[in-house]
């Protein structure tokens with residue numbers, strides 16, 4: 010049996026384990042067991058787990074070389090955002106397929122991403138990279154208000170907020186520059202990018218790159234919470250767009266993949282529409298989180314986890330199976346967020362939720378009596394429910410009903 014390595018799987022990366030096993034591979038998880046990314050027991054039972062210092066790049070890469078003599082891994086996959094570069098460094102050292110080194114900075118640092126767009130002459134937004142509060146006057150002069158402040162290489166909408174005046178800018182910049190230098194042991198750059206705010210609707214594009222060409226699988230509609238934050242409260246697959254706008258998005262995405270020299274693997278791209286013209290917000294060379302991969306599978310019967318594995322193994326992806334994706338039904342997720350709620354003793358309305366048409370799954374991530382973080386990023390979401398429906402309108406109605414069903418006391 011051939012072996013696949015996965016570094017620090019979490020979120021959608023946990024599903025890579027099951028997908029690899031279903032494809033007939035043995036799975037070895039390469040993980041720092043002392044960090045804060047828990048590994049469910051159900052995952053541990055399915056594979057071998059090797060404790061390695063994933064937060065110490067050179068030591069990790071040296072140890073992987075030694076283990077490779079025994080394991081003979083066919084590829085090493087990133088289990089999430091934090092391990093994308095580490096996995097591809099390991100693949101490079103082992104002579105295995107991986108992302109070209111010249112695209113590494115653009116999929117890790119938001120400022121490098123913006124720089125590439127400028128150099129390629131693609132539609133972009135005004136931005137400023139800051140490392141100190143003394144730069145606030147220069148930020149105001151170049152970007153103006155309203156503006157969005159975010160760390161250059163965090164994820165999950167952490168420390169991302171909108172500022173409409175100098176006071177809000179100073180507060181948001183302080184938050185972004187005060188983040189820890191390490192996330193789950195991974196070194197991060199202490200810098201913030203301040204961007205011009207685009208008011209239009211936001212979408213994410215999920216797909217993969219084969220032979221250097223983007224294959225787009227889904228355009229996902231985002232349901233965002235109120236400003237000043239950008240908390241993702243839900244997602245819908247497929248987004249309700251006319252063909253003209255959809256064509257513009259596809260053309261823009263394909264150009265971005267080309268200029269960023271992304272040669273293989275999945276991508277998760279976030280865009281906004283400015284008067285029906287797409288503008289890149291962020292890009293990641295990994296699977297989407299927030300169960301978007303599950304929504305795509307429910308809606309289109311396309312398994313992006315299996316595609317990612319085959320992609321990293323340089324196996325051809327079946328055109329008949331995956332392209333173009335045909336919508337079977339619409340799927341969506343709604344997160345339970347209760348602004349101001351810091352804990353709850355009981356939840357009411359679960360029976361009513363279960364009776365709603367099209368319920369696929371529901372789960373509470375934060376149990377009774379546990380503290381609920383402030384709803385400023387993904388950590389403040391109490392739980393979620395996933396639905397499918399025969400139409401976009403029915404699905405959106407079900408998601409809103411589901412959110413109203415549950416009462417936390």
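Numbering (this note's numbering), first residue to last: 10 to 418. Each residue gets a CB set at the ideal place from its N, CA and C atoms; glycine is no exception.
Would you decide whether residue 156 is buried or exposed? Buried here means 16 or more other CB atoms lie within 10 Å of its CB. Along the chain shown, one-based indexing puts residue 156 at 147. Burial call: buried.
Exposure of residue 229, with buried meaning 16 or more beta-carbon neighbours within 10 Å: Here the question's residue 229 lines up with position 220 in the chain shown. Buried: at least 16 other Cβ atoms inside 10 Å.
So residue 258 and residue 244 are supposed to be a Cβ contact under 8 Å. How far apart are they, rounded? To locate residue 258, count along the chain shown from 1; it is residue 249. To locate residue 244, count along the chain shown from 1; it is residue 235. At roughly 16 Å, the Cβ-Cβ gap does not stay under 8 Å, so residue 258 and residue 244 are not in contact.
If you follow the beta strand (DSSP E) that residue 243 is part of, which residue opens it and which one closes it? As a first step, residue 243 is located in the chain shown; it is residue number 234 there, counting from the start. From DSSP, the beta strand (DSSP E) with residue 243 extends over 241-246.
Taking all protein chains shown into account, do 16 or more other C-beta atoms lie within 10 angstroms of the C-beta of residue 472, making it buried, or fewer, making it exposed? Residue coverage of the chain in this structure runs from 10 to 418, which leaves residue 472 outside it and unanswerable.
Do you know how far the Cα of residue 165 is from the Cα of residue 182? Taking the chain shown and counting its residues from 1, one reaches residue 182 at position 173. Taking the chain shown and counting its residues from 1, one reaches residue 165 at position 156. Rounded to the nearest whole angstrom, the CA to CA distance from residue 182 to residue 165 is 17 Å.
Which two residues bound the contiguous beta strand (DSSP E) that contains residue 283? Residue numbering aside, residue 283 sits at position 274 when the chain shown is read from its first letter. For residue 283, the enclosing beta strand (DSSP E) covers residues 274-283.
According to DSSP, simplified to helix, strand and coil, what is residue 300? Taking the first residue of the chain shown as position 1, residue 300 is located at position 291. Residue state, collapsed to three classes: coil.
Cutting at 8 Å between CB atoms, please list the residues of its own chain near residue 200, excluding the five before and the five after it. Locating residue 200 in the chain shown gives position 191, counting from the first residue. The residues are 120, 138, 139, 140, 160, 161, 186.
For the alpha helix (DSSP H) that contains residue 147, what are its first and last residues? In the chain shown, residue 147 corresponds to position 138, counting from 1. Where residue 147 is concerned, the enclosing alpha helix (DSSP H) stretches over 145-151.
Contact set for residue 102: own chain, Cβ-Cβ below 7 Å, skip 5 residues either direction: Taking the chain shown and counting its residues from 1, one reaches residue 102 at position 93. Counting only residues of its own chain and dropping the five nearest sequence neighbours on each side, residue 102 has a CB closer than 7 Å to the CB of 70, 74.
For the alpha helix (DSSP H) that contains residue 267, what are its first and last residues? To locate residue 267, count along the chain shown from 1; it is residue 258. Where residue 267 is concerned, the enclosing alpha helix (DSSP H) stretches over 252-268.
Along the chain, which unbroken stretches of the alpha helix (DSSP H) at least 4 residues long are found entirely within the stretch 322-386? For the stretch 322-386, the full-length alpha helix (DSSP H) segments reaching 4 residues or more read 328-331, 359-363 along the chain.
Using a 10 Å radius around the Cβ and a threshold of 16 neighbouring Cβ atoms, would you call residue 413 buried or exposed? One-based indexing of the chain shown puts residue 413 at position 404. By the neighbour-count rule (16 or more Cβ atoms within 10 Å), residue 413 is not buried but exposed.
Taking 8 Å as the threshold (C-beta atoms), are residue 281 and residue 290 in contact? For this step, residue 290 is matched to residue 281 along the chain shown. For this step, residue 281 is matched to residue 272 along the chain shown. In contact: residue 290 and residue 281 (Cβ atoms closer than 8 Å).
Between which two residues does the beta strand (DSSP E) containing residue 60 stretch? By one-based count along the chain shown, residue 60 stands at place 51. From DSSP, the beta strand (DSSP E) with residue 60 extends over 57-60.
Keeping to the same chain, check which residues put their C-beta closer than 6 Å to that of residue 167; ignore five residues upstream and five downstream. Taking the chain shown and counting its residues from 1, one reaches residue 167 at position 158. So the qualifying residues of the chain are 386.
So, is residue 329 buried or exposed, given that buried needs 16 or more other C-beta atoms within 10 angstroms? Here residue 329 refers to the residue found at position 320 of the chain shown. The pLDDT assigned to residue 329 is 44, lower than 50, so where the model puts this residue is not dependable; a value taken from the coordinates is nonetheless given after this. Residue 329 comes out exposed.
Checking 8 Å against the spacing of the C-beta atoms, do residue 92 and residue 16 come in under that value? For this step, residue 92 is matched to residue 83 along the chain shown. For this step, residue 16 is matched to residue 7 along the chain shown. Residue 16 sits close to residue 92, with the two beta carbons spaced by under 8 Å.
Can you tell me whether residue 56 is buried or exposed, with buried defined as 16 or more other CB within 10 angstroms of its CB? Translated into positions along the chain shown, residue 56 becomes position 47. The residue in question, residue 56, is buried, as its Cβ has 16 or more Cβ neighbours within 10 Å.
Residue from 42, 48, 72, 50 whose Cα sits closest to the Cα of residue 60: In the chain shown, the residue the question calls residue 60 occupies position 51. When only C-alpha atoms are compared, the closest one is 42.
Reference residue 144, options 134, 175, 127, closest by Cα: Locating residue 144 in the chain shown gives position 135, where the first residue counts as 1. Out of 134, 175, 127, 175 has the C-alpha closest to the C-alpha of residue 144.
Exposed or buried, residue 49, counting other C-beta atoms within 10 Å across all chains shown (16 or more means buried)? Residue mapping note: residue 49 aligns to position 40 of the chain shown, counting from 1. Under this definition residue 49 is an exposed residue.
Which one or two residues does DSSP pair with residue 393 in a beta bridge? Looking up residue 393 in the chain shown gives position 384. Within the DSSP bridge table, the entry for residue 393 names 344, 372 as partners.
Alpha carbon to alpha carbon, what distance is there between residue 147 and residue 6? Any property of residue 6 remains undetermined from this structure, which presents the chain solely from 10 to 418.
When burial is assigned at 16 or more other CB atoms within 10 Å of the CB, is residue 447 buried or exposed? Outside the displayed range of the chain (10 to 418) lies residue 447, so it cannot be described from this structure.
For residue 125, name the three-state secondary structure that DSSP assigns. By one-based count along the chain shown, residue 125 stands at place 116. Three-state DSSP puts residue 125 in a helix.
Please report how far the alpha carbon of residue 331 lies from the alpha carbon of residue 226, in whole angstroms. The count along the chain shown starts at 1 and reaches residue 331 at position 322. The count along the chain shown starts at 1 and reaches residue 226 at position 217. Because residue 331 carries a pLDDT of 49, less than 50, the predicted location of this residue cannot be relied on, and the following value inherits that uncertainty. Straight-line spacing of the CA atoms in residue 331 and residue 226 works out to 8 Å.
Quick check on residue 132: buried or exposed, where buried means 16 or more other Cβ atoms within 10 Å of its Cβ? By 1-based counting over the chain shown, the position of residue 132 is 123. With fewer than 16 Cβ atoms within 10 Å of its Cβ, residue 132 is classed as exposed.
According to DSSP, residue 233 sits in a beta bridge with which residue or residues? Position 224 of the chain shown, counted from the start, is the residue given in the question as residue 233. Paired residue(s): 241.
Along the alpha helix (DSSP H) that carries residue 184, what are the first and last residues, could you check? Taking the first residue of the chain shown as 1, we reach residue 184 at position 175. First-last of the alpha helix (DSSP H) with residue 184: 175-186.
Between which two residues does the alpha helix (DSSP H) harbouring residue 401 extend? Along the chain shown, one-based indexing puts residue 401 at 392. Looking at the DSSP string, the run of the alpha helix (DSSP H) that includes residue 401 is 401-414.
When the distance is taken between beta carbons, is residue 380 closer than 8 Å to residue 2? Here the chain has residues from 10 to 418 only, and residue 2 is not among them.
Quick check: the Cα distance between residue 347 and residue 79, rounded to an integer number of angstroms? In the chain shown, counting from the first residue as 1, residue 347 sits at position 338. In the chain shown, counting from the first residue as 1, residue 79 sits at position 70. If you take the alpha carbons of residue 347 and residue 79, they lie about 50 Å apart.
Could you give the distance in angstroms between the alpha-carbon of residue 32 and the alpha-carbon of residue 316? By 1-based counting over the chain shown, the position of residue 32 is 23. By 1-based counting over the chain shown, the position of residue 316 is 307. Across the structure, residue 32 and residue 316 are spaced so that their CA atoms are roughly 11 Å apart.
Under the three-state DSSP convention, the category residue 135 falls into: Position 126 of the chain shown holds residue 135. In the three-state scheme derived from DSSP, where H, G and I count as helix and E and B as strand, residue 135 is classed as coil.
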